[in-house]
Amino acid sequence: MSNSAATKTAITPRRDEDFPEWYQQVIRAAELAEPSDVRGCMVIRPWGYGIWENMQRQLDAMFRATGHRNAYFPLFIPLSYFAKEAEHVEGFAKECAVVTHTRLEVDADGKMKPASALTEPLVVRPTSETIIGATYAKWVQSYRDLPILINQWANVVRWEMRPRLFLRTTEFLWQEGHTVHETEAEARTETRLILDLYERFVRDYLAIPVFTGAKSESEKFPGAVETLTLEAMVQDRKAIQAGTSHFLGQNFARASGIQFQNREGKQEFGWTTSWGMTTRLVGTLVMMHGDDDGLVLPPRIAPTHIVILPIIPKEDTRVRILETCDALALQLRGKQFGDSPIEVEVDRRDLGGGVKNWEWIKKGVPIRVEIGPRDLEKDAVTVSRRDQPIKSKESMSIQEFAAQAQEMLMSIQKNLYDRARKFQEENMRVIESKKEFYDFFTPKNPAKPEIHGGFALAHWNGSREIEEQIKNDLKVTIRAILLDDSSEPGQCVFTGEPSGRRVIWAKSY
RNA sequence: CGGGCUGUGGCUCAGCUUGGUAGAGCGCCUGGUUCGGGACCAGGAGGCCGUGGGUUCAAAUCCCACCAGCCCGACCA
Numbered sequence: 061m062s063n064s065a066a067t068k069t070a071i072t073p074r075r076d077e078d079f080p081e082w083y084q085q086v087i088r089a090a091e092l093a094e095p096s097d098v099r100g101c102m103v104i105r106p107w108g109y110g111i112w113e114n115m116q117r118q119l120d121a122m123f124r125a126t127g128h129r130n131a132y133f134p135l136f137i138p139l140s141y142f143a144k145e146a147e148h149v150e151g152f153a154k155e156c157a158v159v160t161h162t163r164l165e166v167d168a169d170g171k172m173k174p175a176s177a178l179t180e181p182l183v184v185r186p187t188s189e190t191i192i193g194a195t196y197a198k199w200v201q202s203y204r205d206l207p208i209l210i211n212q213w214a215n216v217v218r219w220e221m222r223p224r225l226f227l228r229t230t231e232f233l234w235q236e237g238h239t240v241h242e243t244e245a246e247a248r249t250e251t252r253l254i255l256d257l258y259e260r261f262v263r264d265y266l267a268i269p270v271f272t273g274a275k276s277e278s279e280k281f282p283g284a285v286e287t288l289t290l291e292a293m294v295q296d297r298k299a300i301q302a303g304t305s306h307f308l309g310q311n312f313a314r315a316s317g318i319q320f321q322n323r324e325g326k327q328e329f330g331w332t333t334s335w336g337m338t339t340r341l342v343g344t345l346v347m348m349h350g351d352d353d354g355l356v357l358p359p360r361i362a363p364t365h366i367v368i369l370p371i372i373p374k375e376d377t378r379v380r381i382l383e384t385c386d387a388l389a390l391q392l393r394g395k396q397f398g399d400s401p402i403e404v405e406v407d408r409r410d411l412g413g414g415v416k417n418w419e420w421i422k423k424g425v426p427i428r429v430e431i432g433p434r435d436l437e438k439d440a441v442t443v444s445r446r447d448q449p450i451k452s453k454e455s456m457s458i459q460e461f462a463a464q465a466q467e468m469l470m471s472i473q474k475n476l477y478d479r480a481r482k483f484q485e486e487n488m489r490v491i492e493s494k495k496e497f498y499d500f501f502t503p504k505n506p507a508k509p510e511i512h513g514g515f516a517l518a519h520w521n522g523s524r525e526i527e528e529q530i531k532n533d534l535k536v537t538i539r540a541i542l543l544d545d546s547s548e549p550g551q552c553v554f555t556g557e558p559s560g561r562r563v564i565w566a567k568s569y
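Going by this note's numbering, the first residue of the first sequence is number 61, and it counts up by one from there.
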């Protein structure tokens with residue numbers, strides 16, 4: 061970092077000083093969310109929720125376009141439902157919130173106390189496979205009832221020991237798709253279709269490049285036959301899962317009794333899938349594109365694309381400047397960006413100096429436009445792009461800007477993606493030996509680890525023991541077994557045994 | 001759930017060792033000068049010091065219990 065001491069960044073500490081703390085500060089400074097009084101739960105503020113709403117809108121359209129429909133299932137799951145799939149139970153048991161009582165009563169000390177115990181406790185859904193499965197069991201009789209292609213937008217609760225805003229909270233928001241198919245092939249195709257849909261979504265909207273692949277046995281979803289994943293590399297070079305798509309085989313159908321009479325007249329269990337993306341994506345966005353001055357939003361997901369900042373040093377120009385701002389806003393709103401109108405805000409708040417400007421920088425709004433008396437004289441605007449250095453500005457005529465706005469947004473979008481892609485490539489390493497592997501993932505300063513490592517492509521003998529070993533030694537795990545794998549067979553870097561392919565290893569969130 | 005640390009205006013913290021009735025910076029409000037890169041000056045509001053009990057003439061300060069949070073370990077989208 062060639063930052064002179066005089067260059068003040070909006071966020072303290074910088075990314076290279078303390079990445080986790082930087083992350084928290086960006087979320088606060090950008091007003092995305094804040095911790096709540098309820099442990100592990102957060103308040104998502106309008107700017108953060110606006111990003112989530114845009115994600116929802118886009119994903120929802122994509123689900124619809126592929127034949128899926130939304131529905132809603134209960135928040136509470138009877139304990140008995142939940143206990144049906146053994147692996148599944150084991151996977152989630154430790155993080156379940158359980159409702160045991162229904163009523164509050166005032167006790168002798170004047171305190172509210174739960175009063176009447178439920179005969180059967182209810183689990184607050186950590187995911188809905190079981191309750192949706194129980195419902196599907198009623199719906200499915202014949203192969204003619206298939207496929208069932210349903211998505212649900214919901215909140216879920218997983219009682220986490222170590223919450224972090226967006227990345228790991230006790231309650232979070234997500235979508236969960238649950239489908240049933242007649243054949244294994246169809247279900248596998250669905251699993252893959254959604255993975256591809258997710259990949260397109262994060263690439264085109266969030267400007268996030270990912271690797272797609274399968275999870276190893278030890279990393280896959282409890283109860284799944286196969287878990288497909290999207291793995292992104294954020295700026296501390298760790299991996300973060302951006303979404304998952306599971307092929308559940310007949311495991312859940314068997315547990316829930318989803319059976320149908322097939323074309324030969326025989327009873328058969330359905331083939332199911334489930335898949336999800338969560339509010340964690342907001343956190344991913346922060347770590348992917350944010351810089352030392354705050355959030356940087358890809359235009360296609362930003363709640364506001366362009367903010368217009370009136371500069372009013374002398375009262376006599378106030379009216380004309382505001383009129384000019386409003387006229388430009390109106391003109392811009394009439395233009396399309398992607399599949400919706402350009403979102404423009406004129407910030408007329410009575411705040412002095414650069415304060416307003418910095419607020420929008422920290423919020424990551426893609427384009428800031430200043431209009432002051434000097435611009436007025438030239439019929440011009442002063443334009444700043446969030447993907448460019450903070451101090452850089454460009455003066456251009458109002459009409460020129462209006463004509464170029466869409467293109468400029470597009471260019472920012474592309475630039476962010478290219479930047480992320482380049483970073484990912486630079487920190488991806490083909491590794492041939494155990495020593496090289498350990499060196500790659502060992503910080504030079506263990507007391508205060510610098511940002512190090514990245515994604516390692518290394519041969520692996522397929523054994524769980526090796527995974528365990530590496531996880532214990534380095535906190536590194538297999539993130540993905542690549543689907544479009546082009547690697548040559550070789551030797552496991554840990555044991556020298558034959559290996560069919562390289563897999564991606566990394567530290568992860 | 002185990003180990004360590006911390007609870008004082010909205011935020012970050014000082015004061016606690018050596019008890020004597022609460023402070024700073026930031027933020028907030030008002031007025032003025034400012035405003036094109038995070039402004040300045042002046043004035044002001046805001047705290048039963050995490051909760052409960054104990055010791056004492058007197059507790060933010062000492063003692064006990066509880067609660068909450070943070071950090072480190074096992075789990076996770």
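In this text, a Cβ means the ideal position worked out from N, Cα and C, and glycines have one as well.
In angstroms, rounded to a whole number, what distance separates the CA positions of residue i and residue j?
i: A274; j: S568; result: 16 Å
i: A362; j: A480; result: 17 Å
i: N487; j: D478; result: 14 Å
i: F136; j: R224; result: 25 Å
i: V149; j: I191; result: 13 Å
i: Q84; j: P426; result: 21 Å
i: E419; j: E91; result: 9 Å
i: M534; j: V270; result: It should be pointed out that residue 534 corresponds to Leu in this sequence rather than to Met. Their backbone Cα atoms lie some 23 Å apart in a straight line.
i: V183; j: S202; result: 31 Å
i: S334; j: P181; result: 25 Å
i: H161; j: I472; result: 53 Å
i: F232; j: V86; result: 19 Å
i: S188; j: T229; result: 18 Å
i: T332; j: L382; result: 57 Å
i: Q464; j: W234; result: 36 Å
i: N532; j: E525; result: 11 Å
i: E467; j: G398; result: 11 Å
According to DSSP, simplified to helix, strand and coil, what is residue i?
i: P549; result: coil
i: Q235; result: strand
i: V342; result: helix
i: V166; result: strand
i: Q391; result: helix
i: N311; result: helix
i: A247; result: helix
i: V200; result: coil
i: V379; result: helix
i: V58; result: With the chain represented from 61 up to 569, any question about residue 58 goes unanswered, as that position is not in the structure.
i: Q321; result: strand
i: G151; result: helix
i: D351; result: strand
i: W112; result: helix
i: Y265; result: coil
i: E77; result: coil
i: N211; result: strand
i: P174; result: strand
i: S64; result: Residue placement at S64 is poorly supported in this model, since its pLDDT is 34, which falls under 50; the coordinates are not used for a value here.
i: R434; result: helix
i: L255; result: helix
Would residue i and residue j be called neighbours here (beta carbons separated by less than 8 Å)?
i: F307; j: E286; result: yes
i: A302; j: E145; result: no
i: S457; j: A440; result: yes
i: A518; j: F501; result: no
i: L290; j: L345; result: no
i: A93; j: I104; result: yes
i: I511; j: R297; result: yes
i: G283; j: F123; result: no
i: N114; j: Q212; result: no
Going by DSSP, which residues form a beta bridge with residue i?
i: T537; result: A566
i: W586; result: Because the chain here runs from 61 to 569, residue 586 falls outside it and cannot be looked at.
i: I300; result: A292
i: P138; result: L182
i: T190; result: Answer is none; T190 lacks a bridge partner.
i: P95; result: M102
i: I427; result: I366 and R445
i: S334; result: H238 and H306
Any chance the stretch 210-227 sits against the stretch 150-169, with 3 or more Cβ pairs inside 8 Å?
Note that the stretch 210-227 touches the stretch 150-169; at least 3 beta-carbon pairs, one per stretch, sit closer than 8 Å.
Taking contact to mean 3 or more Cβ pairs, one atom from each stretch, closer than 8 Å, check whether the stretch 384-392 and the stretch 317-333 are in contact.
Fewer than three Cβ pairs drawn from the stretch 384-392 and the stretch 317-333 lie within less than 8 Å of each other, which leaves the two stretches out of contact.
The stretch 194-211 touching the stretch 73-88, judged by at least three CB pairs closer than 8 Å
At 8 Å Cβ cutoff, the stretches do not touch.
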